[in-house]
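In the order they appear, the protein sequences are chains A, B and C.
For the first sequence, the tail end lands on 374 under our numbering, and the numbers increase by one without skipping.
For the second sequence, the tail end lands on 960 under our numbering, and the numbers increase by one without skipping.
For the third sequence, the tail end lands on 94 under our numbering, and the numbers increase by one without skipping.
All remarks here apply to the structure that follows.
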Amino acid sequence: MSFKRPPSLFWLDALRNPALAAGWGLPEWSQAIRLGRRLRLLGRLAEALAAAGQMQAVPAQPQRLLRAEMQSSRARTAALVWALDRAGAALTGAPYPLVLLKGAAYIGQPGLPFGRGRLSADVDILVPQAHIDDAQARLTSAGWQGVQLDGHDDRYYREWSHEVPPMRHPSHPIELDLHHTIVPPVSRNPVDAALLLQRLQPSQWPAWQVLHPVDQVLHSAAHLFFDSDLRERVRDLADLDGLLRHFGRDPDFWQALPQRARQLGLQQPLALAVHFCVGWFGTPMPANTFATIHRAGPGLLHRAWLLPLLAGQLTPSPLDGLPSPAQNLGAHLVMARYQVWRLPLRMLIPHVQHKWQARKARMAPGTD
Amino acid sequence: MDLAVTSVIGSAGADRVAQLMASGGLFVDYGLASLRLHARSPSLADALHAVYRHFPLQAAAAGAWADIDLSVVPHGRRRLSGQAPEVRLASDGRLIFDPFPADHGLPLVEWGCNWMVAQRMNHVLLLHAGAVERDGTALLLPALPGSGKSTLTAALALSGWRLLSDEFGALDPASFSLQPVLKPVGLKNASIDVIRTRFAGAELGPSFPKTHKGTVAHLAPPAAAVARRHEGARPGAIVLPRWQAGVATRFERLGAHEAFSALAFNSFNYAVLGETGFRAVLRVVRECPAWRLVYSDLDDALATLGRLWQDLPGMQRAAPAQD
Amino acid sequence: MLLVRAASLAVEPLGESWVFFSPLSGETHLINDTSAAMLECLDASRPTAADSVYLEIAGLTGSTPAEVARMCSGYWSSLVEAGAVRVMLAQPPIPSEPA
């Protein structure tokens, strides 16, 4: 029932098996490109096709747009890598670990195929809570400035959330989000960051580390399923599928995953993640692992209303329909932030404005 | 071609346009990019009928490709009597831009479409410039603020030059050719009357007062330009225009570094194209001489550019590929 | 201070000045002869001391190395921030320890 993937997302299969796209006509391509773009998976689709040698076979009209999207996402990724280079230089010699989270971590692990084709506007980094002020100070002296927030919002970030206000640098279009844990400390399931910091792994850059593979999965699941706003966050599911497929090649991974979820108190988000990954992406996993995770997740009654609710939120609204009012906010947000980098300011088409409300919506982690 | 072309929009009539927009969508091919437009708006249909008059009337057939999908949707309800109705632009299920007055559908669609082109068409370098072609070579008019670029581009388009675009110098780096993005030329305020007065044959659409840019109106691209909107042209020269009241015409040669800045730092997607964009702009400024044209007399400006075009082949033979 | 030119940095003459593109930073900058000379004196694979750069430019221009140093030393940080030049640290960085 809520296992079934919405028909409009048929094209997700091409992410893991690009050869499937060879059977698509222009209507399928149109759907895949328009929806893929809206869900921020278009670059990943393009990179998957290119890596599999399938790009040349794509009909000319969609092929142009796929290539154009690759151009955008590669430029965006290069900007992110450069921002990390400069932020890393600012933090050189800091006597504490510097950890990449989420998209930055995926890009920082070149073996992760789905790290290519991302369109991020933020870099998420984690430092121990005791050192967060020091990290901020080092960044500030290198030209990074905290985005101005009023007293209420500043307090929200510092006390209630797990981040300090985002930091920007005049030379970089990327926003730096500093975290000291992976879920809000005031949430019902606080996660002890010290446990995460015990098992860090190297990234491709000497200055930066990443979480242990199991912790990356759990963080991704918690980030998605502890959020109040799951609208259309299919990209996060696609990331989870990618992580599970890549790290799941190691049999020890499947042993460790449910155990660690129990240790960190993240069994519910893991169960939900696995439910949707298997249902919508066909993520392979050992049957007994699936059963273990399933049992530790929400109970039958809970599941009966929760899963359809989540499925409804995750399902994208129709391409040619009218969006809900709340969806516009997200649209403005993504477009407004992205276009400030893309278009010279004086050429910004008018009436596309940063809304203060949009900034507040951003504070509930839902846009990456 | 899988889209039945039966007539041009001008002869088909506004009602037909309205019909197509309200059913499967009106299809418009600009050259570089194509649009599928949905709307229920007689005033928009009238405006499109005026400014797209030489474009073929095409229905967006189901299953046919369009690069950009736009819908004009009603916004809100009339809460108070007398409050003017508003519309918004939606694309792929998302609203973009703030509401516009319902009778300002055309400027909304034109700006929305420009924004979409600038966002999406990153397979080519999108310079912010007017582009016209004559004798097989293209003239680039970088659009610095206050330059009067659109007025001059419109005048050239009505004086024997082929209009490629008034907004986008869309350079394909591989072929080194400017691709048409052939849209109605947006004119503002005094320019509207300048063009209307000077060019008896100018096919202007309705005027829209009180936009954020003042009053705007659009010049319909001439039929010959529409017919050739899939023909690119190699750039030949760069001219930075500047209209200034009362001044005598000045036509001054610019250095390559000034031309470079005028193109690269005034582009929609230069940053996105990375080294490809860098090398493309470098090639343009090395192969195309650049001038600044300061003028108050439009006819004199047109004559200056006409003379330039006559002299250009000789210049290129004398000093090829300079940096 | 040991300096390395950024890999794949493209430096091109442009009329009477120069322009560079850095694939590292994605930035494009118009630069004058002095900055171009500073970049020319560096290598992408071998670190060069700033003093050698000043010496070499002094030899080309007839200034003294001290004069060149005064003129040029302020530019390095801009070139680093723009992604044209990388600074090699004299000693390796302190490795991060777990908290």
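Ideal Cβ placement from N, Cα and C applies to all residues, glycine included.
None of the values given here were measured: they were computed from a predicted structure.
Could one say the Cβ of residue i lies closer than 8 Å to chain C's Cβ atoms, at least one of them?
i: F905(B); result: no
i: E912(B); result: yes
i: S177(A); result: yes
i: A81(A); result: yes
i: L919(B); result: yes
i: P150(A); result: The question names Pro, yet the displayed sequence has Trp at residue 150(A). With 8 Å as the cut-off, W150(A) does not count as an interface residue toward chain C.
i: A85(A); result: yes
i: A893(B); result: yes
i: F813(B); result: no
i: W35(A); result: no
i: W211(A); result: no
i: W88(A); result: yes
Assuming residue i is part of the beta strand (DSSP E), what are its boundary residues?
i: A148(A); result: Neither: A148(A) is in no beta strand (DSSP E) and is coded neither H nor E.
i: L184(A); result: H178 to H185
i: D221(A); result: No beta strand (DSSP E) contains D221(A), which is instead part of the alpha helix (DSSP H) from P219 to F231.
i: V921(B); result: No beta strand (DSSP E) holds V921(B); the alpha helix (DSSP H) holding it covers Y907 to E924.
i: T848(B); result: F845 to T848
i: E889(B); result: R887 to L891
State yes or no: is the beta carbon of residue i nearer than 8 Å to at least one beta carbon in chain B?
i: Q77(A); result: yes
i: A56(A); result: no
i: E51(C); result: no
i: E7(C); result: yes
i: V80(C); result: no
i: S12(C); result: yes
i: L34(C); result: no
i: S323(A); result: yes
i: Q319(A); result: no
i: R44(A); result: yes
i: Q154(A); result: no
i: L139(C); result: Residue 139(C) cannot be examined here, being either before or after the span of chain C that is shown, -4 to 94.
i: L71(A); result: yes
Specify the secondary structure class of residue i as computed by DSSP and reduced to three states.
i: I113(A); result: helix
i: W83(C); result: Before going on, a small fix: residue 83(C) reads as Met here, not Trp. Strand at M83(C).
i: M(-4)(C); result: coil
i: L48(C); result: A small correction: the amino acid at residue 48(C) is Val; Leu does not occupy that position in the sequence shown. Note: V48(C) maps to helix in three-state DSSP.
i: E895(B); result: helix
i: V133(A); result: coil
i: P264(A); result: helix
i: M758(B); result: coil
i: S72(C); result: helix
i: P275(A); result: helix
i: S36(A); result: helix
i: L48(A); result: helix
i: R122(A); result: coil
Rounded to whole angstroms, how far is the Cβ of residue i from the Cβ of residue j, which I believe are closer than 8 Å?
i: A682(B); j: A651(B); result: 5 Å
i: G797(B); j: P821(B); result: With 8 Å as the limit, G797(B) and P821(B) do not qualify as a contact, their Cβ atoms being about 19 Å apart.
i: A1(C); j: V82(C); result: Contact flag wrong, Cβ pair sits at about 11 Å.
i: G749(B); j: F734(B); result: 6 Å
i: L942(B); j: L793(B); result: 7 Å
i: G(-3)(C); j: G78(C); result: Inspection of the sequence shows that residue -3(C) is occupied by Leu rather than by Gly. Between G78(C) and L(-3)(C) the Cβ distance is about 18 Å, and since that is not below 8 Å, they are no contact.
Using a beta-carbon distance below 8 Å, is residue i in contact with chain A?
i: S73(C); result: no
i: A899(B); result: no
i: G21(C); result: yes
i: A908(B); result: yes
i: E76(C); result: yes
i: R677(B); result: no
Between which two residues does the alpha helix (DSSP H) carrying residue i extend?
i: T852(B); result: Per DSSP, T852(B) belongs to no alpha helix (DSSP H); it is in the beta strand (DSSP E), G851 to L856.
i: T298(A); result: A293 to R301
i: V831(B); result: A827 to R835
i: R309(A); result: L306 to L320
i: M76(A); result: A66 to A96
i: V197(A); result: Premise fails: V197(A) is in no alpha helix (DSSP H) and is neither H nor E.
i: D247(A); result: V240 to F253
i: V14(C); result: Note, V14(C): premise wrong, no alpha helix (DSSP H); beta strand (DSSP E) at S12 to F16.
Taking three-plus beta-carbon pairs below 8 Å as touching, is the segment 287 to 296 of chain A in contact with the segment 255 to 264 of chain A?
-> Verdict: yes, contact present.
query: Taking one C-beta from the segment 39 to 57 of chain A and one from the segment 271 to 281 of chain A each time, how about it: are there three or more such pairs within less than 8 Å?
result: At 8 Å Cβ cutoff, the stretches do not touch.
Exercise for the section: Flag this pair as touching only if the segment 868 to 876 of chain B and the segment 780 to 787 of chain B have three or more C-beta atom pairs under 8 Å; answer yes or no. Expected result: Contact between the segment 868 to 876 of chain B and the segment 780 to 787 of chain B is absent: fewer than three C-beta pairs spanning the two stretches fall below 8 Å.
Could you say if the segment 60 to 71 of chain A and the segment 171 to 184 of chain A meet the contact criterion of at least three C-beta pairs nearer than 8 Å? Per the Cβ contact rule, the segment 60 to 71 of chain A is not in contact with the segment 171 to 184 of chain A (fewer than 3 Cβ pairs under 8 Å).
Any contact of the segment 927 to 938 of chain B with the segment 885 to 895 of chain B, i.e. 3+ C-beta pairs under 8 Å?
Short answer: they touch.
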